[in-house]
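Under this note's numbering, the first residue of the sequence shown carries the number 141, and numbering increases by one thereafter. The structure appears below as structure tokens.
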Amino acid sequence: MLTEQLDWEKTDGMMPAIVQHAISGEVLMLGLHESGCAGEDRRER
């Protein structure tokens, strides 16, 4: 999984997360994602 390759310690456990529209590619949101939540989002779908 990609999240295992990220160096969470360099960013104090937070990574930038960008949400884009699937068709237009328009950026809808920029936020911060906690390391402990990285796998949770996928399991909720």
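Glycine residues also receive a C-beta, built at the ideal position from the N, C-alpha and C atoms. Please read these numbers as outputs of a predicted model, since none were measured by experiment.
DSSP beta-bridge partners of residue i
i       : result
Glu-174 : Met-154
Gln-160 : Val-167
Residue i and residue j closer than 8 Å at C-beta
i       : j       : result
Glu-166 : Gly-153 : no
Met-155 : Leu-146 : yes
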